[in-house]
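Structure first, then comments.
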DNA sequence: CTGAAAGCGCTTACAG
DNA sequence: CTGAAAGCGCTTACAG
C-alpha cells in the first residue's frame with residue numbers, strides 16, 4: 001500500500017505507464033476497454049498517485065497560503081470558512097500564517113512568503129510598508145496575490161482585493177452614535193500600522209468632523225486588536241476628564257474587553273457608556289448587553305477572495321489590474337448603545 | 343528569478359550540481375573555498391531550491407495535517423498556537439481540516455486523510471467509530487498519527503496522545519458545584535459521538551453518584567459544542583419542573599450561550615442559576631459574570647502533541663505504543679457560581 | 001573533497 | 001489510441 005507506483009499498475013494491466021497516467025488524467029484519450037482494465041488494476045493494487053511526484057512534475061502544489069493577523073479572532077475564522085469552502089471546491093489546501101502572534105520582523109515575513117512553495121497567497125493582514133516591499137519584490141514574481149478584508153496599501157496597488165468600505169462603515173457606526181445624541185465619542189483602534197484600523201479611524205474622524213463635534217486628545221487610543229489591549233485602552237478612556245459617553249471599538253474582540261472594563265468600573269452599558277463594535281462576530285449577540293455593531297459578509301469575502309485567486313492562478317501569473325471589489329456592510333442595532341446620560 | 347535552478351548556480355560557480363547541493367545540505371562535506379564560491383553564486387543568481395523537487399526527492403512534504411472539530415472554538419485556536427510554534431521550530435507547515443463545519447461523512451473523512459500527502463496527522467477531533475476504522479486501516483499505514491485533547495478511542499488504542507484527564511476534571515467541576523451546596527445540577531454536553539464530551543459527562547455522572555444526588559432525565563442535554571446549540575439546551579433545562587440550580591457546560595463556548603439564555607429568561611447568574619464551563623478560553627474572564635471554569639494547558643498540549651508527532655516521524659512510521667500523557671487541569675474560580683437560592 | 005550518474009514517480013510531446 | 005522516451009530539479013551512493 002504505501003509504495004505501489006504507477007509501474008506496478010501498468011504491469012498488472014499490461015499497458016505502459018503513460019496509459020495509466022492517461023486513464024487517470026485524460027480518460028477520454030483512452031479506449032473504454034483499456035480504461036476498465038486499468039481501473040481494475042488500480043483497485044487491485046490499491047494504487048493512488050504520489051502527489052509529491054505530481055506536484056513536482058506539474059510545478060504546482062495545490063497549496064495556498066493565507067496571511068492574517070490572528071486566527072484567534074472569530075472574524076477571521078469566519079472569513080476562513082469562506083476561503084476553505086472555495087478552496088476545497090477547487091482542490092486546494094490552505095496554510096495559514098499569523099503575523100500578529102509571532103510578531104515577525106519584515107525579513108521573516110518575506111522569508112515566510114517565499115519559503116513554502118504555494119500556488120498563491122491571500123493577504124488578510126496589513127503588511128508594514130517594508131513588508132509590502134518585500135512582498136512586491138520577491139513573492140509577487142512567483143505567485144499571484146489577492147488581498148482581503150482591507151484596502152490594499154499603495155505599494156501593492158495593482159493587487160485585486162475584496163473588502164467592505166471600512167471608511168464608510170466606520171462613519172456609519174459613528175453617525176449612529178451621533179444620531180443617538182452622543183457628542184463625546186471615543187475610539188479604540190487597533191495598532192499603528194494596520195490599514196484596517198486606519199480606515200476605520202478615518203471614518204470615525206470624518207463623521208466627527210462632519211458633525212462638528214470636538215475630538216480631544218486621549219479619545220483615540222490603540223487597543224492592539226486584543227481583549228487585554230482594549231481593556232487597557234478603556235481604562236485610559238474612562239480616566240479622561242471629559243469622559244466619552246460612547247466608545248467606538250474597531251472590532252468586536254476589543255468591544256468585549258471594552259465593555260467588561262466599563263462594567264468593572266461600576267458604570268452601566270449603555271446607561272453610562274455606550275459601546276459599538278465592528279465585525280459582528282458570533283459572540284456579539286450573546287454579550288451582555290448584546291453588542292450593536294457593523295456586520296461584514298465574512299464568508300462571502302472569503303469565497304470571493306479565494307475565487308479571484310484561483311482565477312489568477314489559472315490565468316498564469318500576470319499582474320493584477322488592482323481592481324478592488326467592495327462588499328456591503330450593515331449596521332446591526334442591538335442593546336449596547338443608548339442615549340447619553342449626561 | 344522564478345526559474346533559476348541548481349544548474350545555473352553550478353555553472354556560475356564552476357562546480358557540479360552535486361557540490362551545490364552539498365553546500366546547502368551538508369556544508370561540512372565541502373571545502374571552505376568552494377563553499378564560499380558557491381554561496382556567492384547563489385546570491386548572485388538569487389537561487390533558492392525548488393521545494394517541490396526536494397519534497398519529491400526526499401519523499402517528505404514537511405506538511406502535517408491537523409483534524410479538529412472547529413477552528414472557530416478559541417480553545418482549539420489556543421491549542422493550535424502550541425502546535426504551530428512547535429511545527430515552525432521543526433520546519434513544518436500545517437494544514438487544518440475541520441470535521442464539524444462540513445459535517446463530513448466517514449468516507450469523506452477517510453478520503454481527506456489520505457488525499458493530501460502529509461508527513462503526519464494530529465487528531466484533535468473524535469472520529470466516529472467508522473471514521474476511526476478508516477483511519478486505522480488506510481492512513482495509519484502511511485504516516486504517524488498522534489491524538490490530542492481527548493483520550494484515544496479503543497479502535498486506535500495504539501496511538502500516543504496528550505490530554506487532560508477529562509473525567510477527573512469534570513468531576514472536579516461538578517464537585518465544586520456540590521461543595522457550594524447545589525443539589526440539582528444539569529449538564530450540557532457536546533454531541534453523541536464526541537469522546538471529549540463523553541468523558542466529561544462520565545465525570546459529571548460519577549460526581550453526582552458519589553454525592554448521592556439525583557439525576558433526572560432532562561437534566562443532561564446536548565449542546566452541539568456551539569452557542570446556538572447551548573442556547574437551545576438551556577431553554578430545555580429551564581423548562582424542567584425541578585429546574586437545576588446549576589449547569590455544567592462541557593465547554594466555555596457553550597457556557598456563553600447558556601449564560602445568555604439564563605439571563606434572557608430573567609434569571610440571575612449566579613443568584614438563580616450557577617454556570618460552570620470548561621476550557622478557560624480567553625473570553626471567560628470578560629464574561630458577565632466572569633466564568634468559573636476548568637483550565638487546560640492549551641499551548642502545552644499543542645506543543646507536546648506536535649513534538650511527539652515529530653519524534654514518530656523521525657523514527658520512521660513504527661506503530662505507537664499507545665502511551666498517553668496526561669497534563670494537569672485546574673479549577674479557575676470566578677463569579678459565575680454561587681450558593682443555590684432555593 | 002568532488003564529479004558523473006542514477007533515479008525518485010510522474011506527465012507529455014512525439015512517433016507510430 | 002498507445003508506447004518509448006525525455007525530463008521536471010533535486011539528492012546520494014559510488015568512484016576517483
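Chains as they are written, first to last, in my numbering: chain V, 1 to 342; chain X, 343 to 684.
C-beta: ideal position from N, C-alpha, C; glycine also.
* Assuming residue 590 of chain X contacts residue 546 of chain X under a Cβ cut-off of 8 Å, what Cβ separation, rounded to an integer in Å, is found between them? -> The residue you call residue 590 of chain X lines up with position 248 of the second chain. The residue you call residue 546 of chain X lines up with position 204 of the second chain. About 6 Å; that satisfies the 8 Å criterion.
* Does the region 49 to 66 of chain V come within contact of the region 386 to 398 of chain X, defined as at least 3 CB pairs closer than 8 Å? -> Touching, per the Cβ criterion.
* For the region 592 to 622 of chain X, which residues have a beta carbon sitting closer than 7 Å to at least one beta carbon of chain V? -> For chain V, the residues of the region 592 to 622 of chain X that bring a beta carbon within less than 7 Å of one of its beta carbons are 598, 599, 602 and 605, in chain order.
* Would you mind telling me which residues of chain X sit closer than 8 Å to residue 394 of chain V, beta carbon to beta carbon, in chain order? => This structure leaves residue 394 of chain V out entirely; chain V is present only between 1 and 342.
* Looking only at C-alpha atoms, which of X/571, X/422, X/493 and X/560 sits nearest to residue 583 of chain X? -> In the second chain, the residue the question calls residue 583 of chain X occupies position 241. Nearest C-alpha to residue 583 of chain X: X/560.
* **Ranges of the beta strand (DSSP E) found wholly within the region 620 to 663 of chain X, counting only runs of at least 3** => For the region 620 to 663 of chain X, whole beta strand (DSSP E) runs of length 3 or above, ordered along the chain, are 635 to 637.
* Is residue 520 of chain X helix, strand or coil by DSSP? -> Taking the first residue of the second chain as 1, we reach residue 520 of chain X at position 178. Residue 520 of chain X falls in the helix class under three-state DSSP.
* **Sequence-distant residues of its chain with Cβ nearer than 6 Å to residue 682 of chain X (five each side left out)** => Taking the second chain and counting its residues from 1, the one referred to as residue 682 of chain X is at position 340. Within the same chain, residue 682 of chain X has close Cβ partners 523, 524 and 587.
* CB residue 31 of chain V to CB residue 69 of chain V, shorter than 8 Å? -> Working through the first chain from its first residue, we reach residue 31 of chain V at position 31. Working through the first chain from its first residue, we reach residue 69 of chain V at position 69. Going by C-beta atoms, residue 31 of chain V is not nearer than 8 Å to residue 69 of chain V.
* Below 8 Å between beta carbons is the criterion; list the residues of the region 67 to 80 of chain V that meet it against any residue of chain X, in chain order. => When CB distances to chain X are screened at a threshold of 8 Å, the residues of the region 67 to 80 of chain V falling below it are 71, 72, 74, 77, 78 and 80, in chain order.
* Counting only the same chain and skipping the five closest in sequence on each side, list residues whose C-beta sits under 6 Å from that of residue 571 of chain X. => Counting from 1 along the second chain, the entry for residue 571 of chain X is found at position 229. Same-chain partners within the cutoff: 565.
* To do: For residue 331 of chain V, name the three-state secondary structure that DSSP assigns.
  => Residue 331 of chain V sits at position 331 when you count from the first residue of the first chain. Strand.
* Asked: In terms of DSSP beta bridges, what is residue 590 of chain X paired with?
  -> As a working note, residue 590 of chain X is residue 248 in the second chain. DSSP lists X/529 and X/618 as partners of residue 590 of chain X.
* Is residue 488 of chain X helix, strand or coil by DSSP? -> Locating residue 488 of chain X in the second chain gives position 146, where the first residue counts as 1. Strand.
* Asked: So is residue 437 of chain X in contact with chain V if we call contact Cβ pairs under 8 Å?
  -> On the second chain, position 95 is the one that residue 437 of chain X refers to. Taking a beta-carbon distance threshold of 8 Å, residue 437 of chain X counts as an interface residue toward chain V.
* **Whole runs of the alpha helix (DSSP H) within the region 66 to 101 of chain V, excluding any shorter than 4 residues** => 74 to 89
* To do: Taking the CB atoms as reference points, tell me whether residue 293 of chain V and residue 276 of chain V lie closer together than 8 Å.
  => Here residue 293 of chain V refers to the residue found at position 293 of the first chain. Here residue 276 of chain V refers to the residue found at position 276 of the first chain. For residue 293 of chain V and residue 276 of chain V, yes; Cβs fall inside 8 Å.
* Asked: What separation, rounded to the nearest whole angstrom, lies between the Cα atoms of residue 37 of chain V and residue 13 of chain V?
  -> Within the first chain, residue 37 of chain V is the residue found at index 37, counting from 1. Within the first chain, residue 13 of chain V is the residue found at index 13, counting from 1. Roughly 6 Å separates the two Cα atoms.
* **Residue range of the alpha helix (DSSP H) that includes residue 608 of chain X** => Here residue 608 of chain X is taken as the residue at index 266 of the second chain, counted from 1. That residue, residue 608 of chain X, is in no alpha helix (DSSP H); it is neither H nor E in DSSP.
* residue 563 of chain X and residue 530 of chain X look like a contact to me (Cβ under 8 Å); what is the Cβ gap, rounded to whole Å? -> Here residue 563 of chain X corresponds to residue number 221 of the second chain, with the count starting at 1. Here residue 530 of chain X corresponds to residue number 188 of the second chain, with the count starting at 1. Residue 563 of chain X to residue 530 of chain X, Cβ: 6 Å. Contact.
* **Proximity of residue 120 of chain V and residue 178 of chain V at Cβ, strictly below 8 Å** => If you number the first chain from 1, residue 120 of chain V lands on position 120. If you number the first chain from 1, residue 178 of chain V lands on position 178. No. Outside cutoff.
* Three-state secondary structure assigned by DSSP to residue 46 of chain V -> Within the first chain, residue 46 of chain V is the residue found at index 46, counting from 1. Residue state, collapsed to three classes: coil.
* **Cβ-based neighbour list, residue 295 of chain V, same chain, cut-off 6 Å, excluding 5 preceding and 5 following** => Locating residue 295 of chain V in the first chain gives position 295, counting from the first residue. Apart from sequence neighbours up to five positions away, the residues of its chain that approach residue 295 of chain V with a beta-carbon distance below 6 Å are 280, 330 and 332, ordered along the chain.
* Comparing alpha-carbon positions, which option in X/512, X/528, X/409 and X/678 lies nearest residue 490 of chain X? -> Working through the second chain from its first residue, we reach residue 490 of chain X at position 148. Ranked by Cα distance from residue 490 of chain X, the first of X/512, X/528, X/409 and X/678 is X/409.
* How about residue 296 of chain V: is its C-beta nearer than 8 Å to some C-beta of chain X? -> Here residue 296 of chain V refers to the residue found at position 296 of the first chain. Closer than 8 Å: no.
* Asked: Secondary structure at residue 579 of chain X, three-state DSSP: helix, strand or coil?
  -> Working through the second chain from its first residue, we reach residue 579 of chain X at position 237. Three-state result, residue 579 of chain X: helix.
* Asked: Taking the C-alpha atoms as reference points, what is the distance between residue 649 of chain X and residue 215 of chain V?
  -> As a working mapping, residue 649 of chain X is identified with position 307 in the second chain. As a working mapping, residue 215 of chain V is identified with position 215 in the first chain. Cα to Cα, residue 649 of chain X sits roughly 52 Å from residue 215 of chain V.
* Look at the Cβ atom of residue 159 of chain V, then the Cβ atom of residue 322 of chain V, and state whether they are nearer than 8 Å. => As a first step, residue 159 of chain V is located in the first chain; it is residue number 159 there, counting from the start. As a first step, residue 322 of chain V is located in the first chain; it is residue number 322 there, counting from the start. In contact: residue 159 of chain V and residue 322 of chain V (Cβ atoms closer than 8 Å).
* To do: Starting from residue 462 of chain X, follow its DSSP beta bridges and name the residues at the other end.
  => Here residue 462 of chain X refers to the residue found at position 120 of the second chain. Bridge partners of residue 462 of chain X: X/406.
* Asked: Opposite residue 668 of chain X in the DSSP bridges: which residues?
  -> For the purposes of this step, residue 668 of chain X is taken as residue 326 along the second chain, with counting starting at 1. Partner(s): X/505.
* Can you check DSSP and say which residues form a bridge with residue 220 of chain V? => Here residue 220 of chain V corresponds to residue number 220 of the first chain, with the count starting at 1. DSSP, once it has assigned bridges, lists V/187 as partnering residue 220 of chain V.
* Asked: Smallest Cα separation from residue 383 of chain X: which of X/528, X/348 and X/532?
  -> Position 41 of the second chain, counted from the first residue, corresponds to residue 383 of chain X. Nearest C-alpha to residue 383 of chain X: X/348.
* Apart from the five residues on each side of it in sequence, which residues of its chain come closer than 8 Å, Cβ to Cβ, to residue 669 of chain X? -> Here residue 669 of chain X refers to the residue found at position 327 of the second chain. Excluding positions up to five away in sequence, the list reads 504, 505, 506, 638, 639, 642, 643 and 646.
* To do: Determine the extent of the alpha helix (DSSP H) in which residue 545 of chain X is found, giving its start and end residues.
  => Translated into positions along the second chain, residue 545 of chain X becomes position 203. Here the alpha helix (DSSP H) through residue 545 of chain X covers 537 to 552.
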